[in-house]
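*Asks:* Once you know that position 209 of the sequence shown is 209 in the UniProt record's numbering, the rest is easy, because the numbers rise by one and skip nothing.
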Amino acid sequence: MTGSHPQGAVIIPAHNEANVISRTLEALREVIEWGTVDVVVACNGCMDGTEAVASRCEGVRVLHVAEASKTAALNAGDQATQRWPRLYLDADIEVSAPALRAVFGALESNTLLAARPAFRYDTAGASWLVRAYYRARCRIPGNAQGLWGAGAYALSYSGHERLGTFPALTGDDYYVDRLFSDEEKAVLPTEPVVVRTPRTCTALLSVLRRTYRGNGEQDRVSGGASAARTLRELLASVRGPLTAFDAAVYVVFAGAGRRRPLFSRKVVPAWERDESSR
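(1) Throw me the rounded Cβ distance for the Cys46 and Ala14 pair, which I believe falls under 8 Å.
(2) Take residue 285 as the anchor and find which of Tyr134, Trp84, Thr24 has the nearest alpha-carbon.
(3) Could you tell me the distance, in whole angstroms, from the CA atom of Asp48 to the CA atom of Ala114?
(4) For His15, list the residues DSSP reports as bridge partners.
(5) Pick out the complete alpha helix (DSSP H) segments inside the UniProt domain "Glycosyltransferase 2-like" (10 to 129), 4 residues or longer, and give them in chain order.
(6) Identify which residue in Arg139, Val194, Gly159 has its Cα closest to the Cα of Arg178.
(7) Opposite Val193 in the DSSP bridges: which residues?
(8) In or out: Glu17 buried (at least 16 other Cβ within 10 Å) or exposed?
(9) Excluding the 5 residues flanking Arg229 on each side, which residues of the same chain have their C-beta closer than 7 Å to its C-beta?
(10) By the three-class DSSP mapping on this structure, what secondary structure does Gly223 have?
(11) Go ahead and pull the three-state DSSP assignment for Ala186.
(12) Measure how close the beta-carbons of Ile12 and Ala91 come, nearest whole angstrom, since I'm counting them as under 8 Å.
(13) Starting from the Cα of Leu235, find the closest Cα among Asn44, Arg56, Arg139 and give me that residue.
(14) Kindly identify the DSSP beta-bridge partner or partners of Ala154.
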């Protein structure tokens, strides 16, 4: 800590995020005014004026990364600061100063190497099937215990040493989560960050296909998989007709998301995300 404010850095990879980056940076206004936290926006492959929008925010360092790659942006952000701990924040996620303070404070101990704030889903504007899916998802304990899924996670210096550089894969948060034991990471009871869900079934399926593809690639390498555990927890969450309906919707979406397209082509590494909530 410096005085009453923690030190650290917030690294935000941003690809064509002109519509949302101001909102994200405005939420960090108090943090920026502390003067002890570097806020770095790593604009990568942007063609919509994201760099110009972010540059208007005083106290923010904006990087130009030519390649449209989240991995390249994360690594460039790491090279642009010397401060620890570091919060890796998706460009459409807002984190409050109290939540950031809690996360950085927790990582000052020698016990925790990684942590993230709490999160909640915002399903405003989403279809009724999408809302049913997320109601079921919220009832699965395992979905709330990892570093992934919140669009925000942080590493201490020692935690980052274990990571090294970010590898070129889909699902950086899933990858980072698997580097640490349960005793080395924590989900903290902070003011939650808000995760805006896809609004349409098509958008949700696109997100799930990307997620399951990336997770599946990592599971094949490590030999691990969590689908069976998730199904057990989902079934255990059923308490009546409504929760049973939600669970059925979850299973249908999960099954469709895991199914490979009939005429699939090799995936070219690029930014993939939900556009319906932006």
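Each residue gets a CB set at the ideal place from its N, CA and C atoms; glycine is no exception.
Keep in mind it's a predicted model, so treat the numbers as computed, not measured.
*Replies:* With the given structure in hand:
(1) 7 Å
(2) Outside the shown range of the chain (1 to 278) lies residue 285, about which nothing can therefore be said.
(3) 33 Å
(4) In the DSSP output, where bridge partners are listed per residue, His15 has none listed.
(5) 21 to 27, 29 to 34, 50 to 55, 70 to 79, 97 to 106
(6) Of Arg139, Val194, Gly159, the residue nearest in Cα terms is Gly159.
(7) Phe119
(8) buried
(9) Around Arg229: Gly142.
(10) Since pLDDT at Gly223 reaches only 49, below the 50 mark, its modelled position is unreliable, and no value is offered.
(11) strand
(12) Ile12 to Ala91, Cβ: 5 Å. Contact.
(13) Per the Cα distances, Arg139.
(14) Leu87, Ala115
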